[in-house]
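Everything in the sequence shown is counted per numbering that gives the first Met the number 0, starting at 0 for the first residue and increasing by one.
No residue lacks a Cβ here, since even glycine has one placed at the ideal position from N, Cα and C.
Heads up, the thing below is written out as C-alpha cells.
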Amino acid sequence: MPPSSTRSPRWRPVPRLRRPRSRASSRCRPVLTASDPSGAGSVVERAPDSAPLRSHERNSMMTATPARPATGRAPVRVYRSLQKWIWAVPALILVGGVIHAAILANVSYSTLEWNGVSTDAENVGSGNYMALVTDATFLTALRNTLTFAVGTVFIQMVLGFGLALLVRTRVVGRGLLRTLVFVPVVLSPAVVAVSFRLLLTPDGAFNQTLESLGFGWLTQAWLANPSIALLTLIAINVWQYTGYSFVIYDAALGQVDPSMIEAARLDGAGTWRLTKSILLPTVSGSHLVLIVLGFVSSLKMFELVFLTTGGGPGNSTQVLTGYIYEQAIARFHAGYASAISIVVVLVAAVFAALQVRLARNA
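Right under this line is the structure:
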C-alpha cells in the first residue's frame, strides 16, 4: 500500500534562534516549537527569565534602611575603659601624694641652709651639693654603702642558690631545713642588731665559743676593729636575709621541667654542667629580682649600723642613711641632709634603670 501523502506531525527539538534582543523584549524570547507538515512553526512566548538585574535596576530596588536605635553600649564601653584607672586612683594618690611629694620637698630643702626647726632659711642654691664633693665623711659613707650592697647581695645569692639545690636533692628533713633557713628573715632588724652586738663583744658568747673550741687566736673585738667591722656587719646581714634568696631560688627551681634535667643526665651531663647550662639560665629572672631588691634594701639599711657600731669606729661602718641621720638630727643640718638623701634617690634610680635595661636585653 503506498504511503499516505499526509503525515501526522512529529515533535522534535528545534535549536533556539539567535536573534538580537532589544531591551524591551529581553524578558520574553520566542521559541520555535513543533512543526507541522508544511514546515511552518508556531511561536510561543515563554515566561520571563530570571536574568540578573542590571546595576541601575538593582539601585532602583534598594530602599533606605532605618538607623538602628541606640542600645546604651557606649557608656558601658567608656566605663570599662576607665575602670582600671578608677582602681588605680588610690595607689596613684599614695605614690604621688606621699612618695613623690616628699622627694620634691627634699629637692627644695636641699637648696637651703636650714636647721629643720626655725623659719629662717637661707637659699644656697647648689652649695650643699658642691659641699658633698669635698666631704670626706660622705665619700666614705658612699663607699661603705656600695661595698655593703655588693658583698651582701652576692653572698646571699650564692648561699641561697646552694641551699635551694640542696633541698631539691633527697636530703633528710627538707621541710625543717626550709624553716630554719627562713626564720631569721622574719626577725626584726633591731632585735638582730642588739643580739649580735651583745654576742660579738670581746667577752661575748662568740669569743668564748671560739676559745672553748681551741680557736682562741681568732678572738677579737669584732665590732670595734676598723678593719673588720664592716665585714662583720655584712656577715650579720647575710645571716638574716639569705633565707629570702633561698625562698626565691627554691620556687624558681621548682618550675624547671624535670624531663629537661633527666635528658641532660642521660646525655652524660654532670652536676656542674647541669647547674651551669640548665639551672642557672633557667632562674635568670630570679637573679635580677634579688639584685634589685638587695641593692635597694642596702641603700636603706640603717638599723643594723645604728644599733651595733653607730657608724664607727672612725666612720669605718658609716653608711649614707646613718650620715643623713647624723646631719639632720644630731647636727641640725636639714638642708645638707636633704642633699644627701637626693643623692641616695639618684643612685637607686640609676641602678634600677640599668637593671631594667639589662632585663629587656636579656
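Legend entry - Bridge partner(s) assigned by DSSP for Leu-111: Asn-122
Inset, instruction - Indicate whether Ser-297 and Phe-147 have their beta-carbon atoms separated by less than 8 angstroms. - result: yes
Inset, instruction - Inspect the beta-carbon positions of Val-282 and Ala-329 and report whether they are closer than 8 angstroms. - result: no
Inset, instruction - Just the C-alpha distance for Met-60 and Arg-76, rounded to the nearest angstrom, thanks. - result: Because Met-60 carries a pLDDT of 49, less than 50, the predicted location of this residue cannot be relied on, and the following value inherits that uncertainty. The alpha-carbon atoms of Met-60 and Arg-76 are separated by roughly 37 angstroms.
Inset, instruction - Report the three-state DSSP secondary structure of Asn-224 (helix, strand or coil). - result: coil
Legend entry - Contact under 8 angstroms by Cβ, Val-106 with Ile-341: yes
Inset, instruction - For Ala-100, count neighbouring C-beta atoms within 10 Å of its own C-beta (all shown protein chains included) and say buried if the count is 16 or more, exposed if not. - result: exposed
Inset, instruction - Give the secondary structure of Leu-179 by DSSP, where H, G and I count as helix, E and B as strand, and everything else as coil. - result: helix
Inset, instruction - Taking 8 angstroms as the cut-off, decide whether the C-beta atoms of Gly-293 and Thr-241 are in contact. - result: no
Legend entry - Cβ shell of Arg-173 (< 8 angstroms), same chain only, five flanking positions each side left out: Val-166
Inset, instruction - Please determine, among Leu-289, Phe-214, Ala-234, the residue with the shortest C-alpha to C-alpha distance to Val-304. - result: Ala-234
Legend entry - Inter-residue Cα distance where the pair is Leu-279 and Gln-354: 18 angstroms
Inset, instruction - Since I believe Ala-347 is in contact with Asn-114 (beta carbons under 8 angstroms), could you give me their beta-carbon distance rounded to a whole number of angstroms? - result: Rounded, the Cβ-Cβ distance is 27 angstroms, inconsistent with contact.
Legend entry - Buried or exposed by the 16-neighbour rule on C-beta atoms within 10 Å, applied to Thr-231: buried
Inset, instruction - Use the C-beta contact count for Met-300: other C-beta atoms within 10 angstroms, 16 or more gives buried, fewer gives exposed. - result: buried
Inset, instruction - Alpha carbon to alpha carbon, how far is Thr-308 from Val-193? Give it in angstroms, no decimals. - result: 10 angstroms
Legend entry - Option nearest Leu-199 by Cα separation, candidates Ala-189, Phe-181, Gln-219, Val-185: Gln-219
Inset, instruction - Check Leu-186 in the structure and name its three-state DSSP category. - result: coil
Inset, instruction - Determine the DSSP secondary structure at Thr-32, reduced to helix, strand or coil. - result: Confidence at Thr-32 is low in this model, with a pLDDT of 45, below 50, so the placement of that residue should be treated as unreliable; the coordinate-derived value is given next. DSSP places Thr-32 in strand when its eight states are reduced to three.
Inset, instruction - Would you tell me roughly how many angstroms separate the C-alpha atoms of Ala-90 and Ser-80, rounded to the nearest one? - result: 18 angstroms
Inset, instruction - Could you tell me the distance, in whole angstroms, from the CA atom of Arg-177 to the CA atom of Gly-253? - result: 14 angstroms
Legend entry - 6 angstroms Cβ shell around Ala-204 - same chain, five flanking residues per side excluded: Leu-198
Inset, instruction - Measuring alpha carbon to alpha carbon, tell me which of Leu-345, Ala-352, Ser-337 ends up nearest Thr-110. - result: Ser-337
Legend entry - Boundaries (first-last residue) of the alpha helix (DSSP H) holding Gly-321: 319 to 324
Inset, instruction - Can you have a look at Ala-189 and say buried or exposed, based on whether 16 or more other CB atoms are within 10 angstroms of its CB? - result: exposed
Legend entry - Thr-320 beta carbon less than 8 angstroms from that of Val-237: no
Inset, instruction - Give the secondary structure of Cys-27 by DSSP, where H, G and I count as helix, E and B as strand, and everything else as coil. - result: With a pLDDT of only 46 at Cys-27, under the threshold of 50, the placement of this residue in the model should not be trusted; the figure read from the coordinates follows. Coil at Cys-27, not helix or strand.
Inset, instruction - Measure the Cβ-Cβ separation of Phe-331 and Val-116 and say whether it is below 8 angstroms. - result: yes
Legend entry - Rounded C-alpha distance that separates Val-191 from Val-182: 12 angstroms
Inset, instruction - Just mark Phe-214 as buried or exposed, buried being the case when its beta carbon has 16 or more other beta carbons within 10 Å. - result: exposed
Legend entry - Rounded Cβ spacing between Gln-239 and Val-184 (contact assumed at less than 8 angstroms): 7 angstroms
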